[in-house]
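Asks:
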Amino acid sequence: MSQPSPRKATEIGLLILLSFLWGASFTLTEVAVETIPPATMVFGRLSIGAALLMLMAFWRGATFPRSPSRWGQLLVQGIFQSALPFTLISWGQQHIDSGLASLLNTTPPLFVFLIGFFLLRDRAAGMQQFAGILLGFAGVLIIMGPAALAGEGSSVAGQLAVIGASLCYATAALYARRFSDQSPVVTAACSMTFAALLMLPLSILADDPASLSPSLSAITAVMALGVFSTAIAMTIYFRLVRTLGPLGVATGGYMRAGFSVVLGALLLGEALSGALLAGLVLIFAGVAIVTGLLKLPVRQAAA
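According to the numbering used here, the sequence shown is numbered sequentially starting from 145.
Here it is as structure tokens:
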């Protein structure tokens, strides 16, 4: 078997690193929300990430948009890409484990398919993708369990919040196609800056940050989220989009959830149930089919 080229090995290594950084964000969020309310935690994460990305954009001499309509589009992108989903995940993780949150957050490709097929009338997908949708959502239902289907259980709201965040990510992914003519770093820096500005008044009104007494571990977690799981992770992501392509980068989502489950078990003492593992397998298989990474066998018609 041939060995990968040094360049290819570097990109694969970066993909693994990206998966770890994003997988760790669920564990870090769980630590942060112990003493920092969701709105303030999200504002801190976004502010750190936006500041670092803005510095990177200026350092690279990037060109910023001049059209007011484009700035309005970046505002919308910031809402659905960062402000709303980060808040939903942070709130949801006050009620569910980080591993479960990560597993539920593997569903954006499934929502992208549904939005594209039913709302945008994109009929390019076939039965392979439809089978992946069914398989993926079967995994989600297994993870949520009978209590969710019956409307019972104290963690149902938290699970729905994280699924809502996945829907936001899917919407943002479809909306982001209009920024293809713009530097990805500029898009990320501007949209995240808008998201941070939106979270500032919410943080002040909902949490009264001046009265908070966050623990050192929570402060450290927010800083790590902003630097590693936001700014650095997005920088790696934009590089890999160019070198491995969007589909190649998407495979990191599978490893991301795995990292989150393992870290949650090792660092937070969370349990690894059979339902979680079974749901994980089904979600991964469903997303792989939807994105074309896995092909179902097709029976050939008799001659």
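Ideal Cβ positions, reconstructed from N, Cα and C, are used throughout, including at glycine.
Give me the Cα-Cα distance between L279 and L248, rounded to the nearest whole angstrom.
Replies: When rounded, the distance between both Cα atoms is 14 Å.
Asks: Excluding the five sequence neighbours on either side, which residues of its own chain have a C-beta within less than 6 Å of the C-beta of G308, listed in chain order?
Replies: If we look at G308 and ignore the five residues flanking it on each side, its Cβ neighbours are L232.
Asks: On the three-state DSSP scale, how would you describe I180?
Replies: Coil at I180, not helix or strand.
Asks: The alpha helix (DSSP H) that contains V306, what's its start and end?
Replies: That run of the alpha helix (DSSP H) goes 300-319.
Asks: Are the beta-carbon atoms of Q221 and Y319 separated by less than 8 Å?
Replies: Yes, the pair counts as a contact, with Cβ atoms nearer than the cut-off.
Asks: Please state the DSSP three-state secondary structure of P252.
Replies: Helix at P252.
Asks: For A377, which residues from the same chain have a beta carbon less than 7 Å from its beta carbon, with the 5 sequence-adjacent residues on both sides left out?
Replies: Closer than 7 Å at Cβ, skipping near neighbours: L162, L165, W166.
Asks: For G122, name the three-state secondary structure that DSSP assigns.
Replies: No statement about residue 122 is possible, as the shown extent of the chain runs from 145 to 447 and does not include it.
Asks: Which residue from R322, A365, I277 puts its Cα closest to that of S213?
Replies: Ranking the options by Cα distance to S213, first place goes to R322.
Asks: Measure the C-alpha to C-alpha separation of V177 and P441 and round it to an integer number of angstroms.
Replies: Cα-Cα distance, rounded: 45 Å.
Asks: Select from A282, L263, E174 the residue whose C-alpha is nearest the C-alpha of D241.
Replies: Of the listed residues, the one whose Cα sits closest to D241 is E174.
Asks: My understanding is that R189 touches L342, with C-beta atoms under 8 Å, so please give their C-beta distance in whole angstroms.
Replies: At roughly 13 Å, the Cβ-Cβ gap does not stay under 8 Å, so R189 and L342 are not in contact.
Asks: To the nearest angstrom, how far is the alpha carbon of W235 from that of A301?
Replies: Cα to Cα, W235 sits roughly 10 Å from A301.
Asks: What residue from L344, F255, Q273 has the CA that sits closest to A227's CA?
Replies: Ranking L344, F255, Q273 by Cα distance to A227 puts L344 first.
Asks: Could you check whether V256 and A305 sit closer than 8 Å to each other, using their CB atoms as the reference points?
Replies: No, Cβ-Cβ distance for A305 and V256 is not below 8 Å.
Asks: Which two residues bound the contiguous alpha helix (DSSP H) that contains A333?
Replies: First-last of the alpha helix (DSSP H) with A333: 328-351.
Asks: How should F428 be labelled, buried or exposed, when 16 other C-beta atoms within 10 angstroms of its C-beta is the threshold for buried?
Replies: So F428 ends up on the buried side.
Asks: Under the assumption that L424 contacts G283 (Cβ atoms under 8 Å), give the Cβ distance between them as a whole number of angstroms.
Replies: Confirmed, Cβ separation roughly 7 Å.
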